[in-house]
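Shown next, in structure tokens, is the structure this report addresses.
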Amino acid sequence: MSTRQMAIMFDESIQMVDLHTQYRRLKPEIDTAIQSVLNQSAFINGPQVQAFADHLAAYVGIPHVIPCANGTDALQVALMALGLQAGDEVIVPAFTYVAAAEAVAMLGMTPVLVDVDPYTFNINPEKVEHAISRQTKAIIAVHLFGQCADMEPILRIGTKYNLVVIEDNAQSIGAQYTFRNGTVKQAGTIGHVGTTSFFPSKPLACYGDGGAMMTSDEKLAQQLKMVASHGQSTKYHHQVVGCNSRLDTIQAAILDVKLKYLSGFTQKRIEIASEYDRSLSSIEEIIIPRVASFSTHVYHQYTIQVKNGKRDALREYLKQKGIPTMVYYPASLERQPAFRGLARKVDHMPVALQLPEKVLSIPIHTELKEEMVDYIVDHIRRFFR
Ligand SMILES: *Cc1c(COP(=O)(O)O)cnc(C)c1O
């Protein structure tokens, strides 16, 4: 079947993420929410911002959610509010989105790279302790692709060395972490502060930029709010040097609508992932994403590993069939020119170095139809036949 025939069959093409179809489905509610902001014209810090923050706090089960302008700011504001200083070291995973290491470096601190687990792609807790020096002040655990990093040993190391633990939860909102004693917590509510992004493709997303920080520590919540608002305690009274990082009222109104659908959206992606699991697990040359025993997976991405150097050939074959894919991420932080000579590493990081050659994320989103999933699976099978 040609790409064109396929487009006719599905009435639309397969996309990595389909924001437009989802919008059309939610249009009446979203349009009403946007219109009410326009009618009130409180574009900055309108009532919808706090309302959304309260609803999100209830959703994840944490007392304080502080909205901000984007997920990268959330990390930066968190580091500032926690009192970290230039020269401090912060441990970050070596294979991840750039934001964590970037926020650290932007503040004159040193990102210290630690290798990741080859099956969950998350920071390997066993490698963390060895990377700690006298300058180390924090660990940023990133919950990559939809499941939690192993927080319990990370918290234990944090306590032992008096480190702050930050969770970058931009990709895994709604995932649940289970402690060894059975206690369950939501991703982003486990460390001292959780950060997230509402970038349009994320699991909880607005129609522009947005982000938030969350904590159960009342004093830290005040500090986060102050730093994100020019360091002011009250208007025009500046206690610390802060920055300007706000969530637009219009975006908050959109997010408040979308939050009601988050569990349903997550469920939909989980169903697609089970179908992929069922259909792809028998292919010898693929490793399907593994879900750790301590976490649920919300499948922000469905990321396979392709063996025997066939990743790029598979990618090209699928492209010919009208199936988009992405390589998240094409290089470990160690190999990014921006961090050369800037990031510190203690050990070799074989997993983080190899994953960029093997990983391939295939379409998974709330608008992906069953026939599309079948079509994708069928072509992956054909490639390996
Ligand atoms: C998207 C993302 C961010 C950054 O979010 P922005 O809102 O784009 O600044 C940070 N960390 C991770 C893991 C992300 O996926």
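Note that this note's numbering has the sequence shown beginning at 444, numbered continuously upward.
All residues carry an ideal CB built from backbone N, CA and C; glycine is no exception.
Not one heavy atom of ligand 1 is found less than 8 Å from the C-beta of Tyr502. By the Cβ test, the stretch 753-763 is not in contact with the stretch 705-717, since fewer than three Cβ pairs between them sit closer than 8 Å.
Taken from the Cβ of Val508, every heavy atom of ligand 1 lies 8 Å or farther away. A direct Cα-to-Cα measurement between Asn513 and Ser688 gives close to 8 Å. Only residues of its own chain outside the window of five on either side were considered, and among them Thr809 and Glu810 have a CB closer than 6 Å to the CB of Gln465, listed in chain order.
Between Met552 and Val683, the C-beta spacing is not below 9 Å. For the 9 Å CB-CB criterion, Phe737 and Cys591 form a contact. The closest heavy atom of ligand 1 lies less than 8 Å from the beta carbon of Phe642.
Of the candidates His463, Gly589, Arg468 and Ala574, Gly589 places its Cα closest to the Cα of Gln744. In the structure shown, Leu522 falls within a helical segment according to DSSP collapsed to helix, strand and coil. Inter-residue distance for Thr658 and Pro506 is about 7 Å (C-alpha atoms, whole angstroms).
Between Val557 and Thr692, the CB-CB gap reaches or exceeds 9 Å. Straight-line spacing of the CA atoms in Val559 and His573 works out to 14 Å. The C-beta separation of Val585 from Leu598 comes to about 15 Å, leaving the pair out of contact by the 8 Å criterion. At the C-beta level, Leu757 and Val749 come within 9 Å of one another. The beta-carbon separation of Ser706 and Thr746, rounded to 22 Å, does not stay under the 8 Å limit for a contact.
The C-beta of Asp474 has fewer than 16 other C-beta atoms within 10 Å across all chains shown, which makes the residue exposed.
Partner residues in the beta bridge of Arg787, as assigned by DSSP, are Val555.
Cβ-Cβ separation between Val547 and Val533: approximately 4 Å, consistent with a contact (criterion under 8 Å). Note on geometry: alpha-carbon atoms of Asn488 and Pro561 lie some 43 Å from one another. Its Cα nearest to that of Leu587, the residue Thr563 stands out among Thr563, Ser722 and Leu550. Here Leu481 is exposed. Its C-beta has fewer than 16 other C-beta atoms within 10 Å.
In this structure Ile633 touches Met594 by the C-beta definition: roughly 5 Å separates them, less than 8 Å.
Residues of the same chain with a CB within less than 8 Å of the CB of Ala476, apart from the 5 flanking positions on each side, are Gln491, Ala696, Ile697, Asp699 and Val700 in chain order. Within the DSSP bridge table, the entry for Thr621 names Val627 as partners.
Exclusion of the five residues before and after Arg623 leaves Glu595 as the residues of its chain whose Cβ lies within less than 7 Å of its Cβ.
Leaving aside the five residues that flank Arg787 on each side, the residues in its chain whose CB is nearer than 6 Å to its CB run, in chain order, Thr553 and Val555. In terms of Cβ geometry, Val535 and Ile600 do not form a close pair [threshold 9 Å].
Excluding residues up to 5 positions away in sequence, Gly551, Met552, Thr553 and Gln578 lie with their Cβ nearer than 8 Å to the Cβ of Gly530 in the same chain.
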